[in-house]
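First comes the structure, then the notes that go with it.
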Amino acid sequence: MSHSGYKGKGLEFLLRYNLEIGNQVKVQSDSLYSGVIMPRYEHNDDHHIVLKLKNGYNIGIEIDEIKKIEIESTTGAKIEHLSQPQPNPKLPRILLLSTGGTIASRIDYRTGAVTPALTAAELNATVPELSRIANIDTEVLFSEYSENLLPEHWVKIAEKLDSYSRSEYDGIIVAHGTDTMQYTASALAFSLSGYPKPVTLVGSQRSSDRPSSDAALNLIAATRFIIETHIPGIFVVMHKNSSDEEISCHWATRVRKNHTSKRDAFKTIGGEPAYVVKEKSIEKNNLFNVSSREYTPRIKFDNRIMLVKYYPGLDPRIIDYAIKSGYKGVIFEGTGLGHVGKIMYDLIEKAKKKGLFLGMTSQCIDGMVRMTVYDSGRDLLNLGVIPLRNMIPETAVVKAMWALANSKDSDEMTKIMKENIALEFSD
Numbered sequence: 238m239s240h241s242g243y244k245g246k247g248l249e250f251l252l253r254y255n256l257e258i259g260n261q262v263k264v265q266s267d268s269l270y271s272g273v274i275m276p277r278y279e280h281n282d283d284h285h286i287v288l289k290l291k292n293g294y295n296i297g298i299e300i301d302e303i304k305k306i307e308i309e310s311t312t313g314a315k316i317e318h319l320s321q322p323q324p325n326p327k328l329p330r331i332l333l334l335s336t337g338g339t340i341a342s343r344i345d346y347r348t349g350a351v352t353p354a355l356t357a358a359e360l361n362a363t364v365p366e367l368s369r370i371a372n373i374d375t376e377v378l379f380s381e382y383s384e385n386l387l388p389e390h391w392v393k394i395a396e397k398l399d400s401y402s403r404s405e406y407d408g409i410i411v412a413h414g415t416d417t418m419q420y421t422a423s424a425l426a427f428s429l430s431g432y433p434k435p436v437t438l439v440g441s442q443r444s445s446d447r448p449s450s451d452a453a454l455n456l457i458a459a460t461r462f463i464i465e466t467h468i469p470g471i472f473v474v475m476h477k478n479s480s481d482e483e484i485s486c487h488w489a490t491r492v493r494k495n496h497t498s499k500r501d502a503f504k505t506i507g508g509e510p511a512y513v514v515k516e517k518s519i520e521k522n523n524l525f526n527v528s529s530r531e532y533t534p535r536i537k538f539d540n541r542i543m544l545v546k547y548y549p550g551l552d553p554r555i556i557d558y559a560i561k562s563g564y565k566g567v568i569f570e571g572t573g574l575g576h577v578g579k580i581m582y583d584l585i586e587k588a589k590k591k592g593l594f595l596g597m598t599s600q601c602i603d604g605m606v607r608m609t610v611y612d613s614g615r616d617l618l619n620l621g622v623i624p625l626r627n628m629i630p631e632t633a634v635v636k637a638m639w640a641l642a643n644s645k646d647s648d649e650m651t652k653i654m655k656e657n658i659a660l661e662f663s664d
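Start counting the sequence shown at 238; every next residue gets the next number (this note's numbering).
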């Protein structure tokens, strides 16, 4: 019998009624519940059992409040695996690369957790609508939640995309966790500048076992965007609002995740999304002017860059730590128009003399860094801090890692940081 995570009083309860994980049960407590018994996290208390309800949500029920419990089925819930659709030679071809995250997740009834799907083919099979609009080939790069991704993962994704840059695929979808998707998107936009095909990073705020999941619609919209527009570049494709009627296609360097759990968490900063996928059309936003570039992949990153968010009371010795630890650059997330307190000035001057790149962004959600308005900004300019206009801080730190790796000296790095390469600056 399986009782993973249950101990003490909880384990005694399951044994008393011959219950095990995966059983479908009916429980009479403060209300009547029907669901599947789920495992418990090993550090949880022993006073509850956990059920997965039919609506996809988990609920904890206090054992002392249970008046009656009945087994409805001992087989438990099953994950349905649909067969891979047969290729249709009349349809376009798209490659789906899986890196992990909620969009590539399913419920594991052995552990009770939302876990990465075993293969990208499983992900494709859960959205049968895709087979009616495109032939989807699948490949797994890795299965990681995006908070675990590092610059070396960006390199692996970029190298894989580069290998398909001259392929017969109409475009490529990258299934990715939402927590750090904006970082990966920026990394791809810089390292694969001028990429000749559309690449869409697609995530899901809610796993596919939940009725409110956005996984399928985001994938369908990303596929439609690729085959109906053929617009080259790197995009993030996620819900535009809480309804299912519009899906946004954001430029990679202009997007950030603004909410922990809403389906429309991703927003373009400084304007509207580049494109919006609707039921019967795809609308373009002309606000951002994107110049075409020759495809010149430069797939290298150097993570000796520190992102420092200034706040009253920040210990300036963090800059001394950056110098002594071998960092080559600091991106400041300053206040307002691009300021940090004068308590930081001496160590900023020291860092500049040591050859570190010093860039200024704003912790405000939108707007331009303008360091000529106030004395404090002009002081920082005189110390060698470079204003990065309206570059998003997360984008700036990724660009700095990329610029450092692709520069022969600090002057060249500064020149690259000032150049608008992938719409990281917008007017």
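No residue lacks a Cβ here, since even glycine has one placed at the ideal position from N, Cα and C.
| query | result |
| --- | --- |
| Nearest-angstrom Cα distance between A424 and V610? | 32 Å |
| So who's on the other strand from P435, going by DSSP bridges? | G470 |
| Can you tell me which of G508, K636, T572, F503 puts its alpha carbon nearest to the alpha carbon of G566? | K636 |
| Does the beta-carbon distance from L334 to A412 come in below 8 Å? | yes |
| Just the Cα atoms here: how many angstroms apart are I331 and E257? | 43 Å |
| Where does T533 land, buried or exposed, given buried means 16+ other C-beta within 10 angstroms? | exposed |
| Would DSSP call Y558 helix, strand or coil? | helix |
| Between which two residues does the alpha helix (DSSP H) containing I394 stretch? | 388-400 |
| Leaving aside the five residues before and after K515 along the sequence, list all residues of the same chain whose C-beta is less than 7 Å from its C-beta, in chain order. | E482, E483 |
| From this set, M628, A489, H390, E376, which residue's C-alpha is nearest P469's C-alpha? | A489 |
| Could you check what DSSP says for A314 in three-state terms: helix, strand or coil? | Because the pLDDT at A314 is just 46, under 50, the model does not fix this residue reliably, and the value given afterwards should be weighed accordingly. Note: A314 maps to coil in three-state DSSP. |
| List the endpoints of the continuous alpha helix (DSSP H) containing L245. | One point to set straight first is that residue 245 is Gly, not Leu, in the sequence displayed. Element bounds for G245: 245-253. |
| Between which residues of its own chain and T679 is the CB-CB distance below 7 Å, once the five residues before and five after are set aside? | A query on residue 679 cannot be resolved here, the shown segment of the chain reaching from 238 to 664 and no further. |
| Starting from F427 and walking both ways along the alpha helix (DSSP H), at which residues does that stretch end? | 418-428 |
| Got a sec, what are the start and stop residues for the alpha helix (DSSP H) V634 sits in? | 630-642 |
| Kindly indicate which three-state DSSP category F662 falls into: helix, strand or coil? | coil |
| What residues match up with G566 in a beta bridge as DSSP calls it? | I542, F594 |
| What separation, rounded to the nearest whole angstrom, lies between the Cα atoms of I536 and S599? | 27 Å |
| Tell me the rounded alpha-carbon separation between V634 and M650. | 13 Å |
| Cutting at 7 Å between CB atoms, please list the residues of its own chain near G563, excluding the five before and the five after it. | R541 |
| Output the boundary residues of the alpha helix (DSSP H) element that contains I653. | 647-655 |
| Run through DSSP, which three-state label would L355 get? | Only weak support is given to the placement of L355: the predicted model assigns it a pLDDT of 45, under 50, and the question is left unresolved by the model. |
| Per DSSP, what are the beta-bridge partners of S335 in this structure? | V377, A412 |
| Identify every residue that forms a DSSP beta bridge with Q261. | V273, S310 |
| Spatial neighbours of P630 within its chain, please: CB distance less than 6 Å, with the 5 preceding and 5 following residues excluded, ordered by chain position. | E570, T598 |
| Considering only C-alpha positions, which residue in the set A459, G431, E376, P553 is nearest to V439? | A459 |
| Between I464 and T437, is the Cβ-Cβ spacing less than 8 Å? | no |
| Would you tell me roughly how many angstroms separate the C-alpha atoms of P433 and S402, rounded to the nearest one? | 7 Å |
| Taking 7 Å as the limit between beta carbons, can you name the residues of its chain near S663, skipping five residues before and five after? | R491, G507, G508, F525, N627 |
| Distance, Cα to Cα, S268 vs T632? | 49 Å |
| Taking 8 Å as the threshold, find out whether the stretch 613-624 comes into contact with the stretch 544-555 through three or more Cβ pairs. | no |
| Taking the DSSP output, what are the residues bridged to T505? | V492 |
| Only counting the same chain, and skipping five residues up and downstream in sequence, which positions put a Cβ closer than 6 Å to that of G349? | Residue confidence is low: G349 scores 48 on pLDDT, short of 50, so the model does not pin down where it sits. No coordinate-derived value is stated. |
| Would you mind sorting L252 into buried or exposed? The rule is 16 or more other CB atoms within 10 Å of its CB. | exposed |
| Can L544 and I568 be called in contact, C-beta distance under 8 Å? | yes |
| If you count every other CB in all the chains shown that lies within 10 Å of the CB of N208, and 16 or more means buried, which is it? | A question about residue 208 goes unanswered here, because the residues of the chain that appear run from 238 up to 664. |
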